[in-house]
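Undergrad: Residue numbers (my numbering), protein chains in the order written: chain G, 1 to 231; chain Y, 1001 to 1240.
Quick one: the structure is below, questions incoming.
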């Protein structure tokens, strides 16, 4: 009789143990799933907003073009107006290509080593990449304008940008919303913290009038002779 | 006798409590899952729709741009060489800015995450944005004239951000494998990459890197925002 009673208690206790561990596991799994789902939802929302913005801009451009075409077709545009419009397009494209010296609100970031430790190209690249992620409109390192094909390469104690030697301190200029630019760099565990870890001193100044010079136009930086346009 | 009864009593109370808790978590988890899934599903569907809309708008824009060039050319054929010159100049600048499809010789690099291995930290097996930045930098140093990642044209202000297992380029998100295309001198580009620190380190970590020279590479135009005005809205020209 007492054997059955003991056995009963044992079985009940074993069951209790199993149930408890299952319970614990399922709570943990649920938490991970919830975190993953949330991340996915956040990604989707940012993607969606970006896509909507892009579509709005496309629609605006289409409307503009339709208007232009209408006036071209009906001949209300004189040759002179066509010329003016083409010139305006050309100027905009020149600004975008970095062929004009520009100014605007932005930040000036000075990067220098504290104890004479060398500054690597990767240190400059992470700063540039972070600024690009903040919708920057013009960028320069020691007044060398950054274009699509600009390299940043360390060669001993200096770095090369657009094939030109630059010496420290490195001064990165960027034009875009100054607040956003600064906070993108100073975010916790962000670029500034990383650079400090490498014994570099980073100074960020917001400015109303950051001047960024045009790209050197001697045919060594802007090259496109190997590109065949496809129609 | 009454002692063992007491133990059984307590054990059953505990068992009952645990059972109730367990069934509650299961019910809750099911509910959560349903909510999470529907919002993921509906968001995905909405995104898909928006993307399709974007493609349609893109096509419409190309069509209009071609039509515009055609009409202007017709007008200028009727006798204005100035318009022809301006059209050519505009086209060259569009090429410089990455707004035209281009073709040429160069290299194609394919990158894929390393196969999973238990003994290693997974973050060392995946491709980071710094890997991509380094590769682009090597290609630029070796004289690349046009660059694209997964057919997203890289322009001066293109952003590349790693967000977990995907990469965000311009405004679009791509999973691995990443295909980097570069037009330039194929030998120079190839050698620069083969000897680069970036590629050597990736190979040490078993990241799958393949580099091949190609003589007919097609790189599409920049597609993210075609509105030049918006891309230079914060810039004022300084005359020198």
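For each residue, glycine too, the CB sits at the ideal point set by N, CA and C.
Bear in mind that the values here come from a model prediction, so they are computed numbers and not experimental data.
Counting contacts by CB-CB distance shorter than 8 Å, is residue 1060(Y) in contact with chain G?
TA: Yes, its Cβ sits closer than 8 Å to a Cβ of chain G.
Undergrad: Note the first and the last residue of the continuous alpha helix (DSSP H) segment covering residue 1081(Y).
TA: Residue 1081(Y) -> alpha helix (DSSP H) spans 1081-1096.
Undergrad: Relative to the C-alpha of residue 1156(Y), which candidate in 94(G), 35(G), 18(G), 19(G) has its C-alpha closest?
TA: Closest by alpha carbon: 94(G).
Undergrad: For residue 142(G), decide whether its Cβ has a neighbour in chain Y, counting only Cβ atoms nearer than 8 Å.
TA: No, residue 142(G) does not count as interfacial toward chain Y.
Undergrad: Quick check: is the beta carbon of residue 188(G) nearer than 8 Å to any beta carbon in chain Y?
TA: Taking Cβ atoms only, chain Y never reaches closer than 8 Å to residue 188(G), which makes this a no.
Undergrad: What is the DSSP secondary structure of residue 1127(Y), reduced to helix, strand or coil?
TA: Residue 1127(Y) falls in the coil class under three-state DSSP.
Undergrad: Note down, in chain order, every chain G residue with its Cβ under 7 Å from the Cβ of residue 1173(Y).
TA: Neighbours of residue 1173(Y) on chain G, chain order: 47.
Undergrad: Please confirm whether residue 1090(Y) has its beta-carbon closer than 8 Å to some beta-carbon of chain G.
TA: Yes, its Cβ sits closer than 8 Å to a Cβ of chain G.
Undergrad: With a CB to CB cut of under 6 Å and the five nearest residues on each side skipped, what residues in its chain are close to residue 143(G)?
TA: These residues qualify, in order along the chain: 213.
Undergrad: Which term fits residue 1203(Y), buried or exposed, when burial requires 16 or more other beta carbons within 10 angstroms of its beta carbon?
TA: So residue 1203(Y) counts as exposed.
Undergrad: Return the residue from the list 10(G), 39(G), 104(G), 71(G) that minimises the CA-CA distance to residue 1236(Y).
TA: Per the Cα distances, 104(G).
Undergrad: How would you call residue 1159(Y), buried or exposed, if buried means at least 16 neighbouring beta carbons within 10 angstroms?
TA: Counting Cβ neighbours within 10 Å, residue 1159(Y) comes out buried, since at least 16 surround it.
Undergrad: Is there a Cβ from chain Y that is less than 8 Å from the Cβ of residue 104(G)?
TA: Closer than 8 Å to some Cβ of chain Y, the Cβ of residue 104(G) qualifies, so yes.
Undergrad: Specify the secondary structure class of residue 1171(Y) as computed by DSSP and reduced to three states.
TA: Note: residue 1171(Y) maps to coil in three-state DSSP.
Undergrad: Measure from the alpha carbon of residue 1229(Y) to the alpha carbon of each residue in 57(G), 26(G), 208(G), then state which is nearest.
TA: Per the Cα distances, 57(G).
Undergrad: What are the boundary residues of the beta strand (DSSP E) that includes residue 1208(Y)?
TA: Here the beta strand (DSSP E) through residue 1208(Y) covers 1208-1219.
Undergrad: Using a Cβ-Cβ cut-off of less than 8 Å, give me the residues of the stretch 1001-1016 of chain Y that come near chain G, in sequence order.
TA: The residues in question are 1004, 1007, 1008, 1011, 1012, 1014, 1015.
Undergrad: Relative to the alpha-carbon of residue 1215(Y), which residue among 1197(Y), 1043(Y), 1185(Y) has its alpha-carbon at the smallest distance?
TA: Out of 1197(Y), 1043(Y), 1185(Y), 1185(Y) has the C-alpha closest to the C-alpha of residue 1215(Y).
Undergrad: Run through DSSP, which three-state label would residue 23(G) get?
TA: Three-state DSSP puts residue 23(G) in a helix.
Undergrad: Anything in chain G within Cβ reach of residue 1218(Y), meaning under 8 Å, just list it in chain order.
TA: Under the 8 Å cutoff, chain G gives 230.
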